[in-house]
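J.: Protein chains in written order, with our numbering: chain A, 25 to 231; chain B, 25 to 231.
Got a structure here, written out as structure tokens. Questions coming.
Protein chains: 2
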Amino acid sequence: MARKPAEQTVHPDAIIQAAAAVFHRQGYHGATMADIAAEVHLTAGSLYHHFPSKQDILIAVLDAGLDQITRDVRAVAAGRADPAAKVRQIVRAHIRSVIDNASIAAAVIFESRALLDDPGVRDRVAARRDQLEALYRGVIEAGVAAGDFAPVDVGIFVKTLFGALNWVSVWYREGGRLTGEQIADEIAGTFLRALRPDSEGRGGTPL
Amino acid sequence: MARKPAEQTVHPDAIIQAAAAVFHRQGYHGATMADIAAEVHLTAGSLYHHFPSKQDILIAVLDAGLDQITRDVRAVAAGRADPAAKVRQIVRAHIRSVIDNASIAAAVIFESRALLDDPGVRDRVAARRDQLEALYRGVIEAGVAAGDFAPVDVGIFVKTLFGALNWVSVWYREGGRLTGEQIADEIAGTFLRALRPDSEGRGGTPL
DNA sequence: TCTATAATCAAATCTAGATTTGATTACTTT
DNA sequence: AAAGTAATCAAATCTAGATTTGATTATAGA
Numbered sequence: 025m026a027r028k029p030a031e032q033t034v035h036p037d038a039i040i041q042a043a044a045a046v047f048h049r050q051g052y053h054g055a056t057m058a059d060i061a062a063e064v065h066l067t068a069g070s071l072y073h074h075f076p077s078k079q080d081i082l083i084a085v086l087d088a089g090l091d092q093i094t095r096d097v098r099a100v101a102a103g104r105a106d107p108a109a110k111v112r113q114i115v116r117a118h119i120r121s122v123i124d125n126a127s128i129a130a131a132v133i134f135e136s137r138a139l140l141d142d143p144g145v146r147d148r149v150a151a152r153r154d155q156l157e158a159l160y161r162g163v164i165e166a167g168v169a170a171g172d173f174a175p176v177d178v179g180i181f182v183k184t185l186f187g188a189l190n191w192v193s194v195w196y197r198e199g200g201r202l203t204g205e206q207i208a209d210e211i212a213g214t215f216l217r218a219l220r221p222d223s224e225g226r227g228g229t230p231l
Numbered sequence: 025m026a027r028k029p030a031e032q033t034v035h036p037d038a039i040i041q042a043a044a045a046v047f048h049r050q051g052y053h054g055a056t057m058a059d060i061a062a063e064v065h066l067t068a069g070s071l072y073h074h075f076p077s078k079q080d081i082l083i084a085v086l087d088a089g090l091d092q093i094t095r096d097v098r099a100v101a102a103g104r105a106d107p108a109a110k111v112r113q114i115v116r117a118h119i120r121s122v123i124d125n126a127s128i129a130a131a132v133i134f135e136s137r138a139l140l141d142d143p144g145v146r147d148r149v150a151a152r153r154d155q156l157e158a159l160y161r162g163v164i165e166a167g168v169a170a171g172d173f174a175p176v177d178v179g180i181f182v183k184t185l186f187g188a189l190n191w192v193s194v195w196y197r198e199g200g201r202l203t204g205e206q207i208a209d210e211i212a213g214t215f216l217r218a219l220r221p222d223s224e225g226r227g228g229t230p231l
């Protein structure tokens, strides 16, 4: 009783998307292979033809999410806009990423913990996160060094920014009061104001 | 083969603490009743003498966490310091709460999702979160109304602040470069700078 | 067309782990 | 000290759900 020829063959990416959606809805542990399979009209067993295990599906989801955001942020960081513009662009990119791929982003943020046991995987994901954080740090440091930004504690500032941006995936709802763009601008504004050099300017090149 | 008389009788709070620690380490679903029991030198079955189910233990953990932070924040919000001082105090209280009870705080932030199914519980926890958020909102709104703060979008601002503060529980490590107090001050500083009324002051009572 | 391979499915395995059960013993009360 | 209650334990239940297994069939390539 087998079925489904070529046109119905499922692409791995479709499974990743489907899994992310189910993880988002029910959490990694709350998601069964059958749930994920149903999303792409397969049976649980068939998933093993595409991925060796449930955990590997999660890993694929996380990789996809980190790939995407890292690519976007890296592009901004590498550009030659001034620091303030870069911060604005990064915030936009981050939020766009969180909103456009809400499920995958949520997985990166909330489900990485599910891999806490496997040290190999855990470390790889952690490393990728650190790498992303480093991009942010670079931009802020450059701004501080140039005197464009107030002399904040860059480590704390970046983590603060990260938390605020990631948290968007917790509360953002399609069709809410503001668009993603507006939210991004509002948040970017908040952090850019926080970075304005002190008016009681002593030190740093004045604007 | 039973044991352990009075002195070894376990207080429910001890179980809550122990469970929070295990949840923190392994996540709710990754934590077994045996793990939690071991933490307080009991066997899995004995836990049922104190809590009707694993889920009820999680609920108790979440309640404890929300109780604590809500109490602290409410005290600040109700006080009559000026808005800026209140913001600083709230940030301190929130971070102290996150750091002093890292496990419980992490549970509130990350494991609430484990209750997504049970609508009754989910809604109750959500309501308590909203209630906490409302306290923050009130303080910011008062400051904006008084002209002490720039006219930010309060809804977004509060969520941004929330995200930043909660995220501390993700990265904070005992014995790190900065103390909790220092971290709180740095973060409070960031948000207070973001709230400074525009220097190009038009409208609002100048400082 | 014949054959190998890929993609599926239904049904069987297997296991971890939550919850129950039935003692057992310590403490408290009378 | 007898009786009742609270707190434990070890061992048994039970079930969900990940993973395996053994067919089955469509499509591609020879």
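Ideal Cβ placement from N, Cα and C applies to all residues, glycine included.
From a predicted model like this one, the values you see are computed outputs, not experimental measurements.
1) Throw me the rounded Cβ distance for the F215(B) and V132(B) pair, which I believe falls under 8 Å.
2) Hey, how far is the Cα of Q92(A) from the Cα of F47(A)?
3) Does K110(A) come within less than 9 Å of chain B when only Cβ atoms are used?
4) For the region 183-202 of chain B, which residues have a CB atom closer than 8 Å to at least one CB atom of chain A, in sequence order?
5) Please check if any C-beta of chain A sits within less than 9 Å of the C-beta of R220(B).
6) Quick check: is the beta carbon of G179(B) nearer than 9 Å to any beta carbon in chain A?
7) Listed from N- to C-terminal order along the chain, which residues in the region 48-60 of chain A have their beta-carbon within a distance smaller than 9 Å of any beta-carbon of chain B?
8) Is there a Cβ from chain A that is less than 9 Å from the Cβ of E63(B)?
9) In this structure, does DSSP put G213(B) in helix, strand or coil?
10) Thinking just about the alpha-carbon of each residue, which of A138(A), V145(A), D141(A) and V97(A) is nearest to the one in V122(A)?
11) Just to confirm my understanding: we take A61(B), look at its own chain, exclude 5 residues before and 5 after, and list those with CB closer than 6 Å. What are they?
12) Less than 9 Å between CB atoms is the rule here; does F215(A) satisfy it with respect to chain B?
13) Go ahead and pull the three-state DSSP assignment for A208(A).
14) Does the beta-carbon of R201(B) have 16 or more other beta-carbons within 10 angstroms, so that it is buried, or is it exposed?
15) Report the residues of the region 130-150 of chain A with a CB closer than 8 Å to any CB of chain B, ordered along the chain.
16) Let me confirm a value: G227(B) is counted as buried when at least 16 other C-beta atoms fall within 10 Å, else exposed. Which label applies?
17) If we count the other Cβ atoms within 10 Å of its Cβ and call it buried at 16 or more, is H118(A) buried or exposed?
18) Would you mind stating whether R146(B) and T94(B) have Cβ atoms separated by less than 9 Å?
19) Classify E135(A) as buried or exposed, calling it buried when 16 or more other Cβ atoms lie within 10 Å of its own Cβ.
20) Going along chain A, which residues have a C-beta under 7 Å from E210(B)?
21) For A105(A), which of D177(A), V163(A), L185(A) and A43(A) has the nearest alpha-carbon?
22) Is the shortest distance between the beta-carbon of A174(B) and the beta-carbons of chain A less than 9 Å?
23) Can you find a C-beta in chain A that's less than 9 Å from the C-beta of A42(B)?
24) Where does the unbroken alpha helix (DSSP H) through N125(A) begin, and where does it stop?
25) Measure from the alpha carbon of A84(A) to the alpha carbon of each residue in L139(A), L219(A) and G54(A), then state which is nearest.
26) Compare the C-beta of I240(B) against all C-beta atoms of chain A and say whether one is closer than 9 Å.
27) Where A208(A) and A158(A) are concerned, what is the direct C-alpha to C-alpha distance, given to the nearest angstrom?
28) Measure how close the beta-carbons of A88(A) and S193(A) come, nearest whole angstrom, since I'm counting them as under 8 Å.
29) Distance check for P221(A) and A45(A), CA to CA, integer angstroms please.
30) Could you tell me whether the Cβ atoms of I128(A) and I40(A) are closer together than 9 Å?
31) Please check if any C-beta of chain B sits within less than 9 Å of the C-beta of M25(A).
32) How would you label G103(B), buried or exposed, when you count the other beta carbons within 10 angstroms and need 16 or more for buried?
33) Provide the residue span of the alpha helix (DSSP H) that contains T94(B), from first to last.
34) Which stretch, first to last residue, makes up the alpha helix (DSSP H) that contains D147(B)?
35) Assuming contact is defined by CB atoms lying nearer than 9 Å, are P36(B) and H74(B) in contact in what I supplied?
36) Which residues in the same chain have their Cβ closer than 7 Å to the Cβ of Q206(B), if we skip the five residues on either side of it in sequence?
T.: Reading off the structure:
1) So it is not a contact: roughly 21 Å between Cβ atoms.
2) 18 Å
3) no
4) Within the region 183-202 of chain B, the residues whose Cβ lies closer than 8 Å to some Cβ of chain A are K183, T184, L185, F186, G187, A188, L189, N190, W191, V192, V194, W195, R201 and L202, listed in chain order.
5) yes
6) Taking Cβ atoms only, chain A reaches closer than 9 Å to G179(B), which makes this a yes.
7) R49, Q50, G51, Y52, H53 and G54
8) no
9) Shown here, G213(B) sits in a helix according to DSSP, grouped into three states.
10) Put simply, of A138(A), V145(A), D141(A) and V97(A) the residue whose alpha carbon is nearest the alpha carbon of V122(A) is V97(A).
11) T67, A68 and L71
12) yes
13) helix
14) So R201(B) ends up on the exposed side.
15) Listed in sequence order: F134, R137, A138, L140 and D141.
16) Unreliable positioning characterises G227(B) in this predicted model, as indicated by a pLDDT of 42, which lies under 50. The coordinate reading is nonetheless provided below. Exposed, because fewer than 16 other Cβ atoms sit within 10 Å of the Cβ of G227(B).
17) buried
18) In this structure, T94(B) does not lie closer than 9 Å to R146(B) by Cβ.
19) buried
20) D177 and I180
21) V163(A)
22) yes
23) no
24) Boundaries cannot be given for N125(A), as no alpha helix (DSSP H) includes it and DSSP labels it neither H nor E.
25) L139(A)
26) Because chain B spans 25 through 231 in this model, residue 240(B) falls outside it and cannot be assessed.
27) 21 Å
28) Separation of the CB atoms of A88(A) and S193(A) is rounded to 15 Å, and the pair is thereby denied contact status at 8 Å.
29) Those two C-alpha atoms are separated by around 42 Å.
30) In contact: I128(A) and I40(A) (Cβ atoms closer than 9 Å).
31) Residue placement at M25(A) is poorly supported in this model, since its pLDDT is 36, which falls under 50; the coordinates still yield a value, given next. Chain B contact via Cβ: absent.
32) exposed
33) K78 to A102
34) P143 to A169
35) yes
36) Same-chain partners within the cutoff: there are none.
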